[in-house]
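Novice:
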Amino acid sequence: MTNSAIPFAVPTSRWDDAYAATLSPEELLLYRSNLLGSDLTVTNFGGGNTSAKLAGTDPLTGETVEVLWVKGSGGDIGSMKLDGFATLYQDKLLGLEAHYNGPDDDDKMVGYLPHCTFNLNGRAASIDTPLHSLLPFAHVDHVHPDAIIALAASSGGEAATKEIWGGKIGWLPWKRPGYTLGRMLRDYQRANPGVQGVMMASHGIICWADSAKECYEHTVGLIADAANYLNAKMAGKPAFGGQIVAPNPDRAAIAADLMPRLRGFMTGARRKLGHYSDDAEALEFVGSAKFEELAALGTSCPDHFLRTKIAPLTLDPARLQDDAYLAEKISAYRDFYAAYYERCKRANSPAMRDPNPVVVLVPGVGRITFATDKTTARLAGEFYGNAINVMRGAEAIGDYIALDEQEAFDIEYWLLEEAKLQRMPAPKPQVGRVAFVTGGAGGIGAATAARFLKEGACVVLADRDAAAVEEVRAGFAKQFGKDVVRAVTCDVTDEAQVKAAFDTAAREFGGLDVVVANAGIASSAPIEQTTVALWDRNFDVLAQGYFLTAKHAWGLMKRNKDLGGTSLVFIGSKNAVAAAAGASAYASAKAAANHLGRCLALEGAPEGIRVNIVNPDAVIKGSKIWDGDWRKERAASNKIDAGEELEAHYRNRSMLKRDVLPEDIAEAAYFLGSDASAKSTGNMINVDAGNVQAFTR
Numbered sequence: 001m002t003n004s005a006i007p008f009a010v011p012t013s014r015w016d017d018a019y020a021a022t023l024s025p026e027e028l029l030l031y032r033s034n035l036l037g038s039d040l041t042v043t044n045f046g047g048g049n050t051s052a053k054l055a056g057t058d059p060l061t062g063e064t065v066e067v068l069w070v071k072g073s074g075g076d077i078g079s080m081k082l083d084g085f086a087t088l089y090q091d092k093l094l095g096l097e098a099h100y101n102g103p104d105d106d107d108k109m110v111g112y113l114p115h116c117t118f119n120l121n122g123r124a125a126s127i128d129t130p131l132h133s134l135l136p137f138a139h140v141d142h143v144h145p146d147a148i149i150a151l152a153a154s155s156g157g158e159a160a161t162k163e164i165w166g167g168k169i170g171w172l173p174w175k176r177p178g179y180t181l182g183r184m185l186r187d188y189q190r191a192n193p194g195v196q197g198v199m200m201a202s203h204g205i206i207c208w209a210d211s212a213k214e215c216y217e218h219t220v221g222l223i224a225d226a227a228n229y230l231n232a233k234m235a236g237k238p239a240f241g242g243q244i245v246a247p248n249p250d251r252a253a254i255a256a257d258l259m260p261r262l263r264g265f266m267t268g269a270r271r272k273l274g275h276y277s278d279d280a281e282a283l284e285f286v287g288s289a290k291f292e293e294l295a296a297l298g299t300s301c302p303d304h305f306l307r308t309k310i311a312p313l314t315l316d317p318a319r320l321q322d323d324a325y326l327a328e329k330i331s332a333y334r335d336f337y338a339a340y341y342e343r344c345k346r347a348n349s350p351a352m353r354d355p356n357p358v359v360v361l362v363p364g365v366g367r368i369t370f371a372t373d374k375t376t377a378r379l380a381g382e383f384y385g386n387a388i389n390v391m392r393g394a395e396a397i398g399d400y401i402a403l404d405e406q407e408a409f410d411i412e413y414w415l416l417e418e419a420k421l422q423r424m425p426a427p428k429p430q431v432g433r434v435a436f437v438t439g440g441a442g443g444i445g446a447a448t449a450a451r452f453l454k455e456g457a458c459v460v461l462a463d464r465d466a467a468a469v470e471e472v473r474a475g476f477a478k479q480f481g482k483d484v485v486r487a488v489t490c491d492v493t494d495e496a497q498v499k500a501a502f503d504t505a506a507r508e509f510g511g512l513d514v515v516v517a518n519a520g521i522a523s524s525a526p527i528e529q530t531t532v533a534l535w536d537r538n539f540d541v542l543a544q545g546y547f548l549t550a551k552h553a554w555g556l557m558k559r560n561k562d563l564g565g566t567s568l569v570f571i572g573s574k575n576a577v578a579a580a581a582g583a584s585a586y587a588s589a590k591a592a593a594n595h596l597g598r599c600l601a602l603e604g605a606p607e608g609i610r611v612n613i614v615n616p617d618a619v620i621k622g623s624k625i626w627d628g629d630w631r632k633e634r635a636a637s638n639k640i641d642a643g644e645e646l647e648a649h650y651r652n653r654s655m656l657k658r659d660v661l662p663e664d665i666a667e668a669a670y671f672l673g674s675d676a677s678a679k680s681t682g683n684m685i686n687v688d689a690g691n692v693q694a695f696t697r
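As numbered in full-length UniProt numbering, the sequence shown has no gaps in its residue numbers, which increase by one up to the final residue, 697.
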């Protein structure tokens, strides 16, 4: 950490003329958009919008008409495809002005946009469409990078804009996005025909050009100008009044301890997932002299505010071990948010949403964010990081200015935003939940993880084979998204590794809801050939490993009592309840683990922790255990071939005459980990295709 402010990144053009020459006009718009959106020095995730007015053939008349291609509602210009653009008849958009009678008509004007749709395009047009349609330019970019918003959110911003660009970039006061702002931009440009763009206070910049390349490079150049100007102003000066709290060297461990405790107090309709960051920007801000003063102001740019709420919750680092303090702080924040809602609500405002904090800031520790899914929690943290950058730059040229409270409320509870939220699909049943699976690289472990991921859970895969568990994680990241899955190397016989693995779960996701203890081995030997080392190895993994897993999960799971409880699932074995000749070490260790599970069901019930057991039998296909010596040993014990004859033996031994697969065990583990079994604890479910010896009663 240095004593001088962290500088703004300065973007440069990444335009490739050779590649651009191969593209159609529509593809050039997409190329320009993707270049802008994939550069976080240019715009934030989901932020900004781009447009081009292009010639198109009217599908009804066959005539050539002017079509506005503009980023559709809810898209991300960095990752969108061509179908992410709304397409509208430009002449119809211009004709909408006949329906406009003043600023109170902004919402009404949005309702007319679908009537301007070109070629039955189903992509909804965004509320920023008038900013593009009313300006008389072929190509328009609207972005809000940190350096630009720092100017737009500072008391010295207008003067700095004039100083940087000498009148080539205009200035408009704050106005909520919509048709009125579009008219203000058009009228400003008409009155000032020499301007090349307009800075919109607390909102961002809009600029234009005659070609896709010129527009892109104009946008990047303006951002670079702002960044260079602010960097010069900040050079050699401490940010936010200087550091008064140094970064704590144990901050990662502190976050791992703190996040599940905060999560446990955030009661509501759905559980929260957490995201932790101790990046340089966060540590600089939370450790500064002006931290509390600036944090209380909240954010400025609507894109930031919609992700982060009216203000963050700040905590005293000296009181993080005091649960009563944490509970009171979260309760007080909910009261604060409810009072804000009551002060600002309109007659037609939607009902108050979740009053829990999104952003939690701790001096010396960093930034923690909570949301109902991991991606939203991560993005909220990133957007607050943008807000920190904005504050730093704004303070370098004046005073930081946050959005007016009523304006902020009107954006947060805008009926158009509410309608967008209502259109979103219902979340999957496990969204907001965290599952931890030991033996996660094996057949049953990976299948169980996949089952929880499919239903929306976040999953931590733990396995002693670092390469194998990383391979499984990478596959799941491609299938389900990188936000929702983590991998840790963990030998369940090593208590330090087990504790570290659960600390990772707490720090990466904020807590723990389901634990599936699955890591295992198997051995077969007559009693006279069973060595003490073999006996100990079975008990180390299958009994002590389950004990250590439960022990270090317990504290995290107890935190969820008020959220509806948690579930611990042991993957047992048919041999835990049915005697097996020639496998005394394995069967005895499995029996010990199963009895441990029953004991824990008694101990966990008052804490809302359910403990249940799945007993598989002969899960051969897809099993790492059956790929090794165990297969040969069981074949020798049964005096049969270790290949297909072995599989047929176990299949035909079952009452149902069916193979048992890893996915079958995963289905049972999912049932016991989900709310479908909310009133079940202390139970054993056999998944063995039927084995009378293993009947539990």
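For glycine and all other residues, C-beta sits at the position ideal for the given N, C-alpha and C.
1. What are the complete alpha helix (DSSP H) segments, minimum 4 residues, inside the segment 258-300?
2. Does the beta-carbon of Y19 have 16 or more other beta-carbons within 10 angstroms, so that it is buried, or is it exposed?
3. Quick one: measure Cβ to Cβ for I206 and T41, integer angstroms, because I've assumed they're closer than 8 Å.
4. For V619, which of S573, D536, I609 and A591 has the nearest alpha-carbon?
5. I need the DSSP call for I609, collapsed to helix, strand or coil.
6. Can you tell me whether V532 is buried or exposed, with buried defined as 16 or more other CB within 10 angstroms of its CB?
7. Helix, strand or coil, according to DSSP, for Q243 in the structure here?
8. With 16 as the cutoff for other CB atoms within 10 Å, does A678 come out buried or exposed?
9. At what residue ranges does the segment 420-508 contain a whole run of the alpha helix (DSSP H), taking only runs of 4 or more?
10. What number of angstroms, rounded off, separates the C-alpha of V359 from the C-alpha of A522?
11. Relative to the C-alpha of A269, which residue among R190, K420, D354 and P363 is closest?
12. Spell out whether any CB of chain D is found under 9 Å from the CB atom of N560.
13. Under a three-way DSSP split, which group does L30 fall into?
14. Are N49 and S79 closer than 9 Å when you measure CB to CB?
15. Is D141 helix, strand or coil when you go by DSSP?
16. In chain order, what are the residue ranges of uninterrupted beta strand (DSSP E) at least 3 long that sit wholly in the segment 325-390?
17. Quick one: Cα of T117 to Cα of L185, how far?
18. Give every residue of the same chain whose Cβ lies closer than 6 Å to the Cβ of M234, excluding the five residues on either side of it in the sequence, and list them in chain order.
19. Relative to the C-alpha of Y276, which residue among G510, S288, K454 and G682 is closest?
20. What residue from N594, V195, T448 and T489 has the CA that sits closest to D664's CA?
21. Assuming A380 and A371 make a contact with CB atoms under 8 Å, what is their CB distance in whole Å?
22. Let's test the definition: count the other Cβ atoms within 10 Å of the Cβ of T2 and tell me whether it reaches 16, buried, or not, exposed.
23. Could you pull the start and end residues of the alpha helix (DSSP H) that G95 belongs to?
24. Helix, strand or coil: which one does DSSP assign to T696?
25. Determine the closest residue to A589 out of V140, E412, N575 and E644, with distance taken between C-alpha atoms.
26. Note down, in chain order, each residue of its chain lying with its Cβ closer than 6 Å to the Cβ of K290, except the 5 sequence neighbours on either side.
27. Secondary structure at N49, three-state DSSP: helix, strand or coil?
28. Identify, in the order they occur along the chain, each residue of the same chain with its Cβ nearer than 6 Å to the Cβ of G84, setting aside the five sequence neighbours on each side.
29. Using DSSP's beta-bridge definition, name the partner residues of K71.
30. Under 9 Å between the Cβ atoms of D128 and C215?
31. Does DSSP classify V515 as helix, strand or coil?
32. Counting Cβ pairs closer than 8 Å, one from the segment 470-483 and one from the segment 449-460, do we hit at least three?
33. With DSSP collapsed to three states, give me the class of L542.
34. Can you round the beta-carbon distance between T681 and N612 to whole angstroms, since I take them to be within the 8 Å contact cut?
35. Report all residues from its chain with a CB closer than 7 Å to the CB of E607; omit the five preceding and five following residues, and keep chain order.
36. Using 9 Å as the threshold, is the C-beta distance between P7 and V220 below it?
Specialist: Reading from the atomic positions:
1. 280-286 and 291-295
2. exposed
3. Not quite, the Cβ-Cβ distance comes to about 18 Å (not below 8 Å), so this is no contact.
4. S573
5. strand
6. exposed
7. strand
8. With fewer than 16 neighbouring CB atoms inside 10 Å of its own CB, A678 falls in the exposed class.
9. 443-454 and 466-480
10. So the two alpha carbons sit approximately 47 Å from each other.
11. D354
12. Annotation note: the requested chain D is absent from the structure, which comprises a single protein chain.
13. helix
14. no
15. strand
16. 359-362 and 366-371
17. If I take the Cα positions, the gap works out to 23 Å.
18. Excluding sequence neighbours, M234 sits near A5 and A396.
19. G510
20. T448
21. 6 Å
22. Confidence is the limiting factor: at T2 the pLDDT is only 49, short of 50, which leaves the residue's position unreliable, though a coordinate-based value still follows. T2 should be labelled exposed.
23. DSSP places G95 inside the alpha helix (DSSP H), whose first and last residues are Q90 to G95.
24. T696 sits in coil when the DSSP states are folded into three classes, being neither helix nor strand.
25. N575
26. F240 and G241
27. In the structure shown, N49 sits in a strand (DSSP, three-state: E or B).
28. G72 and G75
29. F85
30. no
31. Note: V515 maps to strand in three-state DSSP.
32. yes
33. helix
34. 6 Å
35. K558 and K561
36. no
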